[in-house]
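Below is one structure, written out as structure tokens; the observations come after it.
Numbering (our numbering), first residue to last: 0 to 435.
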């Protein structure tokens, strides 16, 4: 009798779990998508050691599922932590439990940190010794570029595995499984609607399907049910559409159309785009397309990015709109961007000439005797003599990388640099005549 009641209780608890959790794969072969990672992860499972891995990918791409499967397949205890709700104290407790487990049970532990990009430096530093010593294996999951969000010491010890958004066919497979689990069918274009709404996010598709099935109250789910479930119409924002809208947003800001910029910004936000991603695109654009034509553009974009991270959505839409409209209405110049690319092209294709002796660092007596730093004129002490020095190597004399445009504040920069060059040439000519 106890077994009967126990089984019924388990069944009830299972039915109360979210659909995405009920459909979570129990083996790597059941995973939908990410086929390029199955081989490397299976090898890690066979070895019984996971090491340190960062799973980097968009929401709903399977990061947590893969972490659980790898831990289970390696025979290791799975110790999940949330970077949002957990702190250094919770992390240290998990590491101490791992130490005890290894000591008394001879069993290793995988510490899994979801949203590891939200771990601050102190938390990451607290984790590092345990990873270095091999006390625990580590898997971190993040939607953000780990190069920016994970400290260099921790990142250097991790393999970064990139997850891709699920394809439409892969999301469709999850929806098919979800319909089977719920005992419903999709009708009247509901399947296509749901796939557009998901935008490559499997969990989003399953959550919407489950909510729509509950609202439907029948065995059939239509477009109207999904609209009611998600609180509005699903914007066309699949993988290809996402890049189209992002591209249109950037080109509208670059092209000086603040109204179009706000339109595409609204489409991205309403479709669930990560606001931090949008902010980063604006920071890049401020340097690349506005540049020195309006030097205030870059600090404004950086401030907007910081504000988005501080306040989140929905308020974060306001600094994003401020930055987008300011940059759209700003004068434009890509001279700095084009200049560094020209310099890089030369550096990569040519044999690098030596740094001129008068510009070299001379920290020792030997270097000074070798002529390092000799003849250098300190600008603030030497006046125009400091400006008349040659700074480029002799082989590159006269090479121009930065060509300011006559746009906004850069027009003044262009005039100033032109005047310096003209005055330098006049002094050189005058010096030559005097010497003659």
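Here a beta-carbon is modelled for each residue, glycine too, at the ideal position from N, C-alpha and C.
Quick one: give me the first and last residue of the alpha helix (DSSP H) that residue 88 is part of. Per DSSP, the continuous alpha helix (DSSP H) segment holding residue 88 begins and ends at 87-103.
Have a look at residue 4 and residue 16 and give me their C-alpha separation to the nearest angstrom. With a pLDDT of only 49 at residue 4, under 50, the local geometry of the prediction cannot be trusted, and the value read off the model is given with reservation. Their Cα atoms are separated by approximately 19 Å.
Less than 6 Å between C-beta atoms, sequence neighbours within five positions excluded: which residues of the same chain meet that for residue 68? Closer than 6 Å at Cβ, skipping near neighbours: 27.
Could you give the C-beta distance for residue 135 and residue 92, rounded to a whole number, given that I count them as a contact under 8 Å? In this structure residue 135 does not touch residue 92 by the C-beta definition: roughly 13 Å separates them, more than the 8 Å allowed.
Where does residue 360 land, buried or exposed, given buried means 16+ other C-beta within 10 angstroms? It counts as exposed.
I need the DSSP call for residue 79, collapsed to helix, strand or coil. Per DSSP, reduced to three states, the secondary structure at residue 79 is strand.
Simplified DSSP state of residue 113, which is helix, strand or coil: Here residue 113 sits in strand by DSSP.
List, from N- to C-terminal side, the alpha helix (DSSP H) runs of 4 residues or more that fit wholly inside the stretch 288-356. Listed in chain order, they are 296-310, 316-327, 334-348.
Keeping to the same chain, check which residues put their C-beta closer than 7 Å to that of residue 400; ignore five residues upstream and five downstream. Closer than 7 Å at the Cβ level, and outside the excluded window around residue 400, lie 338, 341, 342.
Helix, strand or coil for residue 225, going by three-state DSSP, please let me know. If DSSP states are grouped into helix, strand and coil, residue 225 belongs with the helices.
Assign residue 348 to buried or exposed, taking buried as 16 or more other Cβ atoms, counted over all protein chains shown, within 10 Å of its Cβ. By the neighbour-count rule (16 or more Cβ atoms within 10 Å), residue 348 is not buried but exposed.
Residue range of the unbroken beta strand (DSSP E) whose run includes residue 283: Residue 283 -> not in any beta strand (DSSP E); alpha helix (DSSP H) instead, spanning 274-284.
Span separating the alpha-carbon of residue 62 from that of residue 141: A direct Cα-Cα distance of roughly 8 Å separates residue 62 from residue 141.
Just the Cα atoms here: how many angstroms apart are residue 181 and residue 204? Near 14 Å, if we compare the C-alpha coordinates of residue 204 and residue 181.
Inspect the CB distances between the stretch 185-199 and the stretch 166-175 and report whether three or more fall short of 8 Å. Contact between the stretch 185-199 and the stretch 166-175 is present, because at least three Cβ pairs lie under 8 Å.
Distance CB(residue 299)-CB(residue 325) smaller than 8 Å: In this structure, residue 325 lies closer than 8 Å to residue 299 by Cβ.
Whole-angstrom C-beta distance between residue 282 and residue 331, which should lie under 8 Å: Rounded, the Cβ-Cβ distance is 16 Å, inconsistent with contact.
Excluding sequence positions up to five away, which residues of its chain have a Cβ less than 6 Å from the Cβ of residue 34? Hits under 6 Å: none found.
Simplified DSSP assignment, three categories, for residue 419: In the structure shown, residue 419 sits in a helix (DSSP, three-state: H, G or I).
Count the other CB atoms, across all protein chains shown, that sit within 10 Å of the CB of residue 30; report buried if there are 16 or more and exposed otherwise. Classification of residue 30: buried, given that the 10 Å Cβ count is 16 or more.
In this structure, how does DSSP classify residue 23 when only helix, strand and coil are distinguished? Residue 23 falls in the coil class under three-state DSSP.
Does DSSP classify residue 139 as helix, strand or coil? Of the three classes helix, strand and coil, the one that applies to residue 139 here is strand, per DSSP.
Could you check whether residue 249 and residue 280 sit closer than 8 Å to each other, using their CB atoms as the reference points? Yes. Within cutoff.
Considering residue 159, what are the terminal residues of the beta strand (DSSP E) in which it resides? Where residue 159 is concerned, the enclosing beta strand (DSSP E) stretches over 158-161.
Could you check the C-alpha separation between residue 375 and residue 391 for me, to the nearest Å? Residue 375 and residue 391: Cα-Cα distance of roughly 13 Å.
Tell me which same chain residues have a C-beta within less than 7 Å of the C-beta of residue 421, skipping the five on either side of it? Leaving aside the five residues that flank residue 421 on each side, none in its chain has a CB nearer than 7 Å to its CB.
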